[in-house]
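Quick notes on the structure that follows.
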Amino acid sequence: MKIYLLIAGMALVTYIPRLLPMVLPERLQFPIWLDRWLQYVPYAALGALIFPGVLASVDGRQPWLGLLGGFTAGLLALAGLNILIVLAGAIAVVAVALSII
Amino acid sequence: MALWGAQKEVAQFRLGLMQGLSIFLGYLPAAVAFGVLGASTGLSYFQVAAMSAWVYAGASQFMGLNLLQSGVSVPEIILATFVLNLRHVLMSTVLSKRIQGNRALKGLLSFGITDETFVLTTIGSSVGTGSEETVREITAARFAGVAVIAYSGWVTGTVFGTVFADILPQIAMKSMGISIYAMFIALLVPSMKKSGRVAMISLLGGALNWILLSELKLSTGWSVVAATMLASACGALCYKEGK
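From first to last, the protein sequence lines are chains C and P.
Per the UniProt record's numbering, the first sequence starts with residue 1, numbered consecutively.
Per the UniProt record's numbering, the second sequence starts with residue 1, numbered consecutively.
Okay, here's the thing in structure tokens:
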């Protein structure tokens, strides 16, 4: 019972922050400075989500593995490859590195 | 006309499914890890799966299990979860301006907001279509497609992890840990190539997050929010004119 209460409570407090801004009155007009600010949020978030998280993504004690995978992804993306190929390439390089060490 | 409209919706939904495939693949290893951990903490398979299906927030779920094991009370865990998920207010605010649709639909779609679906739908221009139009506007159908496939990756991964905890090869699991980041980087590189200001803001976001984490010892949730808000504010201040 306790576990289900926990799950229900966690579900509720996770959904509310997702839900509220979406159902605010449609006509709510933001000041221009706020609109301009919000416009850059995705790019700023992307940077913050990547770094430094990528360092611990494979093994928290061996940040170079995450760095290696990140660099591989960067090179493949730079070459303009499809996102799934970028993914597969990064995983493959990290897997090879892991099996060598 | 109505039929044409419906076809367009279906096409957008399919596009979302395709774009979200990278999130699906990225979520699998993390979800499997959660399933393995959940099963090992004495929760039933159903409870572990229910947590992924209903809470649907990776970091919160790992934290919840962790606190539960250390004997923290249920209300305290719920409060901690709430704090950790406040960052979704910011993402939901940005998305609410871009997604079209009535309020009920948007409310339903908001369940699918995660860090990953947020950045993929707001930035994911070069993925699949490459057309500029998709950058600014996010159709409800495309967001639904991304959300559905991401969600199914999280839930099926969890179930898989609870059931097959022992048979998964370690190297495969560990190396797949890079996949979410590879997806992020695949989104970042084309947008950086396209615009110097975007590149600066992203780099600033990463640098600030690093400083906040290592110097101020903020928790990951808060640090990502603070770094995001600071870096995007800098962007708004530094680049007054332009689009």
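Here a beta-carbon is modelled for each residue, glycine too, at the ideal position from N, C-alpha and C.
Note that the structure is a prediction, hence the values are computed from the model and not measured.
Any beta carbon from chain C within less than 8 Å of residue i's own beta carbon?
i, result
"N66/P", "no"
"A11/P", "no"
"Y56/P", "yes"
"I78/P", "yes"
"V36/P", "no"
"G20/P", "no"
"G130/P", "Reliability of the predicted coordinates at G130/P is poor, the pLDDT of 41 falling under 50, and the value obtained from them is presented with this limitation in mind. No, G130/P lies away from the interface with chain C (no Cβ there is under 8 Å from its Cβ)."
"residue 263/P", "The question about residue 263/P has no answer here: the residues shown for chain P are numbered 1 through 243."
"residue 259/P", "Residue 259/P lies beyond the residue range present for chain P, which begins at 1 and ends at 243; the question has no answer from this structure."
Under three-state DSSP, which class holds residue i?
i, result
"E133/P", "Bear in mind that a pLDDT of 41 at E133/P, under 50, signals an unreliable position, so the number given afterwards is only what the model happens to contain. If DSSP states are grouped into helix, strand and coil, E133/P belongs with the helices."
"V146/P", "helix"
"Q12/P", "helix"
"M18/P", "helix"
"P25/C", "coil"
"T114/P", "coil"
"T41/P", "coil"
"L120/P", "helix"
"M1/C", "coil"
"L81/C", "coil"
"G107/P", "helix"
"V72/P", "coil"
"L86/P", "coil"
"A33/P", "helix"
Identify every residue that forms a DSSP beta bridge with residue i.
i, result
"I138/P", "I99/P"
Taking 8 Å as the CB-CB limit, is residue i close to chain P?
i, result
"W37/C", "yes"
"W64/C", "no"
"I7/C", "yes"
"L87/C", "yes"
"R61/C", "no"
"L67/C", "no"
"P31/C", "no"
"M1/C", "no"
"I83/C", "yes"
"I50/C", "yes"
"I100/C", "no"
So, using beta-carbon positions, are residue i and residue j closer together than 8 Å?
i, j, result
"L68/C", "A92/C", "no"
"L17/P", "G47/C", "no"
"Y181/P", "I50/C", "yes"
"F82/P", "V13/C", "yes"
"residue 111/C", "M183/P", "Outside the modelled stretch of chain C, which goes from 1 to 101, sits residue 111/C, for which no answer is possible."
"T122/P", "R142/P", "no"
"M10/C", "V163/P", "no"
"V32/P", "F160/P", "yes"
Length at least 4, wholly inside the stretch 31 to 77 of chain C: the alpha helix (DSSP H) runs in chain order: 32 to 50
Runs of 4 residues minimum, wholly inside the stretch 144 to 224 of chain P: which ones carry the alpha helix (DSSP H) assignment? 170 to 175, 179 to 194 and 196 to 214
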